[in-house]
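Numbering (the numbering used here), first residue to last: 3 to 355.
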């Protein structure tokens, strides 16, 4: 099998849409260095038009994120537009603004899933998710309260956790907590060196050598079947646990088939820039919806050449010699690029540790 991405019909099934850069927190690992609203943020009319374009392009799942999406006043309109078009719409929030009224509003606009970010125990979480003033009530306590409200509602409730040096050895504590809360799912991903984490890379980024142990832990969680585990594409690849870990959500064994950014995945920034994945840096912007229609940007295969025109001969380092190279294609494109400066070599793999 050579470059599956080149043979899959290109439809932006899953969209990650940063609807605002404004945020009520200043998290040290924020991928977009969120804080103040960008004055060039898409207007309500522009956002609704983009929602229509995503629907027309075949989008079936969309995540509204930020920043903190709930601080954008028209988020219900955007979510409702997507949901009305048959898109399974979800929001990822830090949970600070989630109360009974918000939960009711989320149901009214047709949200399918609400994901709350949780990065560890109270001490770890509050140390990472800081306020602008450096003061205030526990962000952890508010996130837990948000989860309690959401779990009690009909909404699908999930947690997303970035794995870093301060929580990688405390996954069991988090697993116990989330199982007790009764959340519907738990997505785990490795923190990547971008945004604010660029200056704190050595303090937070885990080592590739820690990946095999992490995979053992996650496989144990899947087998316990207390919380549904979703493993992000930047954790891997092809350990003895691969079928169990990758197939946990689908309920049947599967495996990682390479990055699908710009093939089945698309990302949009608050100002309308389009990329294959929200974790990719600005160098990977394919166009802006204010300058070209979304459909035209998406149709330009060359703008997503890192996947659509991938060639095995471009692989470097350990990836060039790996038995899984034709399927994996150096794993997560964003992680590879941000760690090595090329999309063709990725040390964050259990085959390399």
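From the three backbone atoms N, C-alpha and C, an ideal C-beta is built for every residue, glycine too.
| Item | Value |
| --- | --- |
| Straight-line Cα distance separating residue 201 from residue 31 | 10 Å |
| Buried or exposed (CB count within 10 angstroms, at least 16 for buried), residue 153 | exposed |
| Test item: CB-CB of residue 158 and residue 94 under 8 Å | no |
| Residue 224, DSSP secondary structure in three states | helix |
| Own chain residues within Cβ distance below 7 Å of residue 3, not counting five before or after | For residue 3, the predicted model reports a pLDDT of 46, less than 50, meaning its position is unreliable; a value from the coordinates is still stated below. Contacts found: 328, 329. |
| Residues of its chain near residue 103, where Cβ-Cβ distance is below 8 Å and the 5 sequence neighbours each way are ignored | none |
| N-terminal and C-terminal residue of the alpha helix (DSSP H) that residue 131 is part of | From DSSP, residue 131 is part of no alpha helix (DSSP H); its letter is neither H nor E. |
| Simplified DSSP state of residue 316, which is helix, strand or coil | helix |
| Length at least 4, wholly inside the stretch 153-207: the alpha helix (DSSP H) runs in chain order | 173-183, 203-206 |
| First and last residue of the uninterrupted alpha helix (DSSP H) at residue 327 | 327-330 |
| Sufficient close CB pairs (3 or more, under 8 Å) joining the stretch 311-323 to the stretch 279-286 | no |
| Local conformation of residue 215 per DSSP, three classes | helix |
| CA-to-CA distance, residue 323 to residue 97, given in whole angstroms | 44 Å |
| Residue ranges of each beta strand (DSSP E) within the stretch 263-320, 3 or longer | 267-270, 275-277 |
| Neighbour-count burial assignment, residue 161, 16 or more Cβ in a 10 Å radius | buried |
| Selection from 26, 288, 187, 112 that minimises the alpha carbon distance to residue 134 | 26 |
| Segment contact flag, the stretch 289-305 with the stretch 270-280, C-beta cutoff 8 Å, min 3 pairs | yes |
| As assigned by DSSP and simplified to three states, the class of residue 27 | coil |
| Neighbourhood of residue 50 by C-beta, 8 Å cutoff - its chain only, sequence neighbours within 5 removed | 79, 80, 83 |
| Whole-angstrom C-beta distance between residue 221 and residue 247, which should lie under 8 Å | 6 Å |
| Residue from 300, 296, 344 whose Cα sits closest to the Cα of residue 318 | 344 |
| Residue nearest to residue 336 in terms of C-alpha spacing, selected from 196, 208, 297 | 196 |
| Buried/exposed call for residue 244, threshold 16 Cβ in 10 Å | buried |
| CB contact flag (residue 164, residue 232, <8 Å) | no |
| Minimum C-alpha distance to residue 279 - residue among 214, 308, 172, 128 | 308 |
| Which of helix, strand or coil DSSP assigns to residue 18 | strand |
| Per DSSP, cross-strand counterpart(s) of residue 65 | 18, 92 |
| Delimiting residues of the beta strand (DSSP E) encompassing residue 342 | It is not in any beta strand (DSSP E) - residue 342 instead sits in the alpha helix (DSSP H) that spans 335-342. |
| Separation of residue 89 from residue 76, as counted between CA atoms | 18 Å |
| Top-ranked residue by Cα proximity to residue 72, from 101, 242, 54 | 101 |
| Limits of the beta strand (DSSP E) - the one that residue 34 falls within | First-last for residue 34: undefined, no H or E at that position. |
| One or two residues paired with residue 233 in a DSSP bridge | 190 |
| Strand pairing of residue 117, partner residues [DSSP] | 94, 160 |
| Closest by C-alpha distance to residue 210, when choosing among 16, 65, 349, 11 | 349 |
| Candidates 156, 212, 199: closest to residue 131 by CA position | 199 |
| Proximity winner among 249, 48, 136, 326, relative to residue 29 (alpha-carbon distances) | 136 |
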